[in-house]
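J.: Mind looking over this structure? Questions follow.
There are 2 protein chains.
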Amino acid sequence: MPGTKEPEESRRAQILQAAYEVAARHGLSGLTVRLVATSAGLSPGLVLFHFKTKEHLLIALLDWLLGTTSVLLVTADIACIGSPIERLLALLEREMDRLSSEPCRIRLFFEYWIVGIRSPGVRRKMGAELARYRAAFRPIAAEVLAADADRFAGVTPAGLAAVAVSFIKGCAVQSMIDPGQFDIAEYLRAAHALLDQLAPIDHAV
Amino acid sequence: MPGTKEPEESRRAQILQAAYEVAARHGLSGLTVRLVATSAGLSPGLVLFHFKTKEHLLIALLDWLLGTTSVLLVTADIACIGSPIERLLALLEREMDRLSSEPCRIRLFFEYWIVGIRSPGVRRKMGAELARYRAAFRPIAAEVLAADADRFAGVTPAGLAAVAVSFIKGCAVQSMIDPGQFDIAEYLRAAHALLDQLAPIDHAV
DNA sequence: GTGCTCGTTGAACGGCGGGTCAACACTGAC
DNA sequence: GTCAGTGTTGACCCGCCGTTCAACGAGCAC
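Those protein sequence lines, which keep their order, are chains A and G.
Quick note: the first sequence uses this note's numbering, first residue 1, plus one each step.
Quick note: the second sequence uses this note's numbering, first residue 1001, plus one each step.
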């Protein structure tokens, strides 16, 4: 039915949704304009009518991805934890849960990292996202440092935040590649012991 | 010069070398049989004569990559450090140096991670490599735990080794994506403070 | 020399993917 | 009704890519 006017801007959203599904199933390198069109139930030409170029489509998909992903969820139940260290640990644990609940999203981010190696535009966006992620950890990191100024002399909030991000991303990488051998519970216990100077409170099982 | 018998097996090595150069420059997705052939100064047909398929070539390249990358360098100057924690920290620092000295290799590994998402064969190899990397950290991790059994009650060597690997891989990711905003010195200082229960020794500058 | 094998070449094939475009349909303005 | 503009289609072009293959050349056995 050519010419039937859809709610205009919803076409872009519809196509982006289809693009996400294709990318989730076939990867970014397996994403083709035709596949996206088919998945959206539209003709290939229309996809390039709304997004001038495949490259534009990919960037729009990245924007959509970044826009629909909350940076860091500091929910009420976490915010009310008294000890800064416990709060940071709870946050880390929460983020790990997110990792395993949305594997497709995480994988897509990985693929965009790779694209970013060769594409300055994508790299800038991914870099900004990472910086935002670190910044979200910074307040809690600062509190952790303030709570034990002696031990953390010379450590900056940004530095600790970067380490926290590494915890998350490193866990994502390892559990993505070999989910069998990588034990998240052990991992969290080690993280706990590193942060906490006291004997670790039993969080496991 | 057709028919000139080269030292036989060195042809494969020559092609793999060329494949690595192409992959380093254009990425794994930009690697084509023709480009590899041109880079090696050979005809496209010959590449597929020695490696039946492009897929075979990619797997051979991965094997070559894994074979020519030392898992973990525990050099003499590090092995003789008395304190286990100091030794682990020195190792981490050494690994970070490796990261920045061989960025192409690291990037290629990243790309193979992505390939591994959809290719079970590649995933197995990458998983084994990660497991090997963790295993290399395990002895030192065990010594760190043994040196402070109270603090690390319930923490396994494997868990701490996984955290160490996350330190490295997380750093690699962050410094790869935005080298500008990511400060490795700060990062290392934070890592030091986490491991060490004493005030951190000044390693900066 | 004859013939066999193996390494090598480069043209050719088939397919696919990004991008273009003429044609068309529906809407709204006049 | 007419006309312009926008959304939409699907065929088409072109280039690239993986792969195949006939031909050829060098060495070797006899």
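Heads up, the beta-carbon is just placed ideally off N, CA and C, and yes, glycines get one too.
Report buried or exposed for Arg1123 of chain G, applying the criterion of at least 16 other Cβ atoms within 10 angstroms of its Cβ.
T.: buried
J.: What residues from the stretch 34 to 66 of chain A come within 8 angstroms of chain G, judged by C-beta to C-beta, listed N to C?
T.: The stretch 34 to 66 of chain A vs chain G, Cβ under 8 angstroms: nothing.
J.: To the nearest angstrom, how far is it from the Cα of Val1115 of chain G to the Cα of Ile114 of chain A?
T.: 11 angstroms
J.: How many Å lie between Leu31 of chain A and Ser119 of chain A at the Cα?
T.: 17 angstroms
J.: Relative to the C-alpha of Arg1011 of chain G, which residue among G:Ala1023, G:Val1033 and G:Leu1042 is closest?
T.: G:Leu1042
J.: Got a sec: is the Cβ-Cβ distance from Val1155 of chain G to anything in chain A below 8 angstroms?
T.: yes
J.: Applying a beta-carbon distance threshold of less than 8 angstroms, which residues of chain G neighbour Glu111 of chain A?
T.: Going along chain G in sequence order, the residues near Glu111 of chain A (Cβ under 8 angstroms) are Ile1114.
J.: Could you list which residues in chain G have their beta carbon closer than 7 angstroms to that of Ser29 of chain A, in chain order?
T.: Ser1029
J.: Looking at chain G, which residues of the stretch 77 to 91 of chain A have a Cβ within less than 9 angstroms of any of its Cβ atoms?
T.: none
J.: Going along the chain, which residues of its own chain have a beta-carbon closer than 6 angstroms to the beta-carbon of Asp63 of chain A, five neighbours each way excluded?
T.: none
J.: According to DSSP, is Leu42 of chain A part of a helix, a strand, or is it coil?
T.: coil
J.: Over the uninterrupted alpha helix (DSSP H) stretch that includes Val163 of chain A, give me the two end residues.
T.: Pro157 to Ile177
J.: Name, please, each residue of chain G whose Cβ falls closer than 9 angstroms to the Cβ of Asp183 of chain A.
T.: Thr1156, Ala1158, Gly1159 and Ala1162
J.: If you draw a straight line from the C-alpha of Gly1127 of chain G to the C-alpha of Phe49 of chain A, how long is it?
T.: 42 angstroms
J.: Tell me the DSSP secondary structure of Asp97 of chain A in three-state form.
T.: helix
J.: Run down chain G in chain order and give the residues with a C-beta less than 9 angstroms from the C-beta of Met126 of chain A.
T.: For Met126 of chain A, the residues of chain G that pass the 9 angstroms Cβ criterion are Ile1177 and Asp1178, in the order they occur in the chain.
J.: Are Ala23 of chain A and Leu108 of chain A touching if we call contact CB-CB under 8 angstroms?
T.: yes
J.: If you measure between the beta carbons of Glu95 of chain A and Gly1159 of chain G, is that distance less than 8 angstroms?
T.: no
J.: Should Val1165 of chain G be labelled buried (16 or more other beta-carbon atoms within 10 Å of its own) or exposed?
T.: buried
J.: Measuring CB to CB, does Ser175 of chain A end up less than 8 angstroms from Leu61 of chain A?
T.: no
J.: 8 angstroms is my cut-off, CB to CB: does Val144 of chain A come that close to chain G?
T.: No, Val144 of chain A does not count as interfacial toward chain G.
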